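Peer 1: One point on numbering: in the numbering used here, the residue at position 115 of the sequence shown is 115, and numbering is uninterrupted.
A single structure is presented below for examination.
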Amino acid sequence: MQELSLNECIELALKNNIDAGKKHINTQSAKLNLQQERANLLPSVNAGFTYGLNLGRSINPQTNTYVNEHISYANPYLGGSLLLFNGMAQQNSIKQYLYLYKATEQEEVLAKNELSLNVILSYIEVLTCSDLLKLARLRQQTTSRQVERIDALNQSGAISPSDFFDLKGQFANDKLAETNADNQLQNAIFSLVKLMNIPYSEGLRFAVLNTDDFELNYADTVSEILQNGLSNFASVKIADSQRRSAYFKFKTDRAFLYPTITFNSGITSNYSNKAVDIQDKPLTYFEQFNNNLSKSFSLNLSIPVFHNFSKRTNKALAQLQQRQSDLIAESTRIQLQQLIRQAYFNMTASKERYLNSLEQVNAYKESYRANEIRFNAGAINATDYLISKNNLDRANIAVLTNRYDFIVRRKVLDFYQGKSLKQ
């Protein structure tokens, strides 16, 4: 029988989840784009070799006169080009893609953190439903023993028939509650398995979390959580990186309004099967290569004069995109602060509910113990007994759900601070 821990479930989800895999591919693509932008600063070098055959009337490349012969020729060449200046467009483009890469990296981090949090929520839901199912079975067993005990009393007329049938009705209600709890558990397991992207197995089990000794007081204050969140949360880093990328996109488009200077160089030669020396002796290929070797160097200046206002329009659009990214970054910080404050409030309220439910259980436990003794002695009827029993059952359920709810609220605060969500 396979039993998975919370950390194992998180690792399986990160490994198998399709959406997380897509984010990783996006990160690798952004990295390659950045590498290519950096490589664009290097000179471009091209080499080639042309071989041809002229039939009939053609120009002899050796004498530059027309002949009516078959002439074969070859032209090897090597050329290069280096960008010297284009208004710093290429350097700014590199920075633009650098911050795009950083943003994509953080998008992958955010996706994985969100997936981890969803796995934790689903895992705790499984444990909650499992504990609720155990509680429902205990309730049914307790009611079943009471039904068996008073069945004989009912047949002998020692108790009121209404007490017997009230208890049997409660027993049927407890059986229904057990069925519902089992159905909720299976649905929770299906949801968790879906996040992990693994096949469902009836033998699949999940390790119980140690919730008896968890810390009730959260280590960080709300101001510390806010500071950590604004510094570490992936959404803030994404917005900041996108803002910086938009800024350098604007500088790149603005640079296209400046002239471009490139340095070009080349080396070429040629060969012909009709080439001869002064003694009419055929020249070899390498002799012709050395004799016909030609080198060239040039500086090219390109000045943008008029391009249908397209470059100025691109610059204006990039500036608007930069302003929009500034607003998004500011909005992201404001929303994060609101979410953190709300999450901290929810965690505090969940803690209070848990402590109150513990007090409630202790009170109802004593009440139920006393009423059970009185009911077994025939001092109270089934209605009073069932009220006491149901009060205790509801209190036990409240303790269970509030305990797990408090754990979830703590994990949400860890999530907003970019902390590890593993145990």
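Cβ atoms here follow ideal geometry from the backbone N, Cα and C, with glycine treated the same way.
Please read these numbers as outputs of a predicted model, since none were measured by experiment.
(1) What does the alpha-carbon distance come out to for the pair Arg-244 and Ala-136?
(2) Taking the alpha helix (DSSP H) that Lys-31 belongs to, which residues open and close that run?
(3) By how many angstroms is the C-alpha of Tyr-99 removed from the C-alpha of Tyr-247?
(4) Taking the Cβ atom as the reference point for each residue, do Phe-406 and Arg-353 lie within a distance shorter than 9 Å?
(5) Could you tell me the alpha carbon to alpha carbon distance between Ser-72 and Met-88, rounded to whole angstroms?
(6) Pairing CB atoms from the segment 128-147 with CB atoms from the segment 387-407, are three or more of them under 8 Å?
(7) With 16 as the cutoff for other CB atoms within 10 Å, does Thr-143 come out buried or exposed?
(8) Are there 16 or more other CB atoms within 10 angstroms of the CB of Ser-388, so buried, or fewer, so exposed?
(9) In whole angstroms, give me the CA-to-CA distance for Arg-410 and Met-347.
(10) Give me, in chain order, the residues of the same chain whose beta-carbon lies closer than 7 Å to that of Leu-413; leave out the 5 immediate sequence neighbours on both sides.
(11) Going by the CB atoms, is the gap between Ala-234 and Leu-32 shorter than 9 Å?
(12) Return the chain-ordered list of same chain residues with a C-beta closer than 7 Å to the C-beta of Asn-92, the five sequence neighbours on each side being excluded.
(13) Compare the beta carbon distance of Ala-382 and Ile-150 with 9 Å and say whether it is the shorter of the two.
(14) How many angstroms separate the CA atom of Ser-424 from the CA atom of Ala-318?
(15) Contact defined as beta carbons within less than 8 Å: I believe Asn-424 pairs with Ile-198. What is the distance between those atoms, to the nearest angstrom?
(16) Using a Cβ-Cβ cut-off of 8 Å (strictly less than) and excluding sequence neighbours within five positions of Leu-34, which residues of its own chain qualify?
(17) Please say whether Leu-82 and Ser-44 have beta carbons closer to each other than 9 Å?
(18) Straight-line CA distance for Pro-304 to Thr-262?
(19) Please check the pair Met-196 and Leu-12, which I expect to be a contact at CB under 8 Å, by giving their CB distance rounded to whole angstroms.
(20) How many whole angstroms separate the CB atoms of Leu-392 and Tyr-368, which I take to be in contact at a CB cut-off of 8 Å?
(21) Taking buried to mean at least 16 other C-beta atoms within 10 Å of its own C-beta, is Thr-27 buried or exposed?
(22) In its own chain, which residues sit with a C-beta less than 8 Å from the C-beta of Val-222, not counting the 5 before and 5 after it?
(23) Could you check the C-alpha separation between Lys-295 and Gly-266 for me, to the nearest Å?
(24) I think Val-236 touches Leu-336, with their Cβ atoms under 8 Å apart; what is that distance to the nearest whole Å?
(25) Alpha carbons only, please: which of Phe-85, Asp-19 and Glu-114 is nearest the one belonging to Leu-299?
(26) What alpha helix (DSSP H) runs, 4 residues minimum, are completely inside the segment 210-298?
(27) Do Glu-37 and Gln-90 have their CB atoms nearer than 9 Å?
(28) The alpha helix (DSSP H) with Pro-161 in it runs from where to where?
Peer 2: Taking the definition as stated:
(1) Position 244 of the sequence shown, counting from 1, holds the residue named residue 244. Position 136 of the sequence shown, counting from 1, holds the residue named residue 136. Cα to Cα, the separation comes out at about 56 Å.
(2) The sequence position of residue 31 within the sequence shown is 31, counting from 1. Its alpha helix (DSSP H) spans residues 18-39.
(3) Counted from its first residue, the sequence shown places residue 247 at position 247. Counted from its first residue, the sequence shown places residue 99 at position 99. Distance between the alpha carbons of Tyr-247 and Tyr-99: 10 Å.
(4) Position 406 of the sequence shown, counted from the start, is the residue given in the question as residue 406. Position 353 of the sequence shown, counted from the start, is the residue given in the question as residue 353. Result yes, Cβ atoms of Phe-406 and Arg-353 sit closer than 9 Å.
(5) Start at 1 with the first residue of the sequence shown, and residue 72 comes out as number 72. Start at 1 with the first residue of the sequence shown, and residue 88 comes out as number 88. So the two alpha carbons sit approximately 47 Å from each other.
(6) yes
(7) Residue mapping note: residue 143 aligns to position 143 of the sequence shown, counting from 1. Its Cβ being crowded by 16 or more others within 10 Å, Thr-143 is buried.
(8) The residue labelled residue 388 in the question sits at position 388 within the sequence shown. Classification for Ser-388: buried.
(9) The residue labelled residue 410 in the question sits at position 410 within the sequence shown. The residue labelled residue 347 in the question sits at position 347 within the sequence shown. Taking the straight line from one Cα to the other gives about 6 Å.
(10) The count along the sequence shown starts at 1 and reaches residue 413 at position 413. Contacts found: Tyr-218, Ile-225, Ala-343, Tyr-344 and Met-347.
(11) The residue given as residue 32 occupies position 32 in the sequence shown. The residue given as residue 234 occupies position 234 in the sequence shown. Contact: no.
(12) If you number the sequence shown from 1, residue 92 lands on position 92. Correct list, in chain order: Phe-248, Lys-251, Thr-252 and Ala-255.
(13) Taking the sequence shown and counting its residues from 1, one reaches residue 382 at position 382. Taking the sequence shown and counting its residues from 1, one reaches residue 150 at position 150. Cβ atoms of Ala-382 and Ile-150: closer than 9 Å.
(14) What the structure shows of the chain is the stretch from 1 to 423, and residue 424 is not part of that stretch, so it cannot be assessed.
(15) Since the displayed the chain opens at 1 and closes at 423, residue 424 lies outside it and no answer follows.
(16) Taking the first residue of the sequence shown as position 1, residue 34 is located at position 34. Cβ within range, chain order: Ile-94, Tyr-97, Leu-98, Leu-100 and Tyr-101.
(17) To locate residue 44, count along the sequence shown from 1; it is residue 44. To locate residue 82, count along the sequence shown from 1; it is residue 82. Contact: yes.
(18) On the sequence shown, residue 304 is found 304 positions in, with the first residue counted as 1. On the sequence shown, residue 262 is found 262 positions in, with the first residue counted as 1. Pro-304 and Thr-262: Cα-Cα distance of roughly 14 Å.
(19) As a working mapping, residue 196 is identified with position 196 in the sequence shown. As a working mapping, residue 12 is identified with position 12 in the sequence shown. Indeed, because the Cβ distance is near 4 Å, the residues count as touching under 8 Å.
(20) Residue 392 sits at position 392 when you count from the first residue of the sequence shown. Residue 368 sits at position 368 when you count from the first residue of the sequence shown. Right, the Cβ-Cβ distance comes to about 4 Å (below 8 Å), so this counts as a contact.
(21) Counted from its first residue, the sequence shown places residue 27 at position 27. Thr-27 should be labelled buried.
(22) Taking the first residue of the sequence shown as 1, we reach residue 222 at position 222. Answer for Val-222: Ile-340, Arg-341 and Tyr-344, listed in chain order.
(23) Against the sequence shown, residue 295 aligns to sequence position 295. Against the sequence shown, residue 266 aligns to sequence position 266. Roughly 6 Å separates the two Cα atoms.
(24) In the sequence shown, residue 236 corresponds to position 236, counting from 1. In the sequence shown, residue 336 corresponds to position 336, counting from 1. Correct: roughly 6 Å between the Cβ atoms.
(25) Within the sequence shown, residue 299 is the residue found at index 299, counting from 1. Considering only alpha carbons, the answer is Phe-85.
(26) 222-232, 234-255 and 285-291
(27) Your numbering for residue 37 matches position 37 in the sequence shown. Your numbering for residue 90 matches position 90 in the sequence shown. It is a contact, given that the beta carbons lie within the stated cut-off.
(28) Start at 1 with the first residue of the sequence shown, and residue 161 comes out as number 161. 161-196 is the span of the alpha helix (DSSP H), which, as asked, contains Pro-161.
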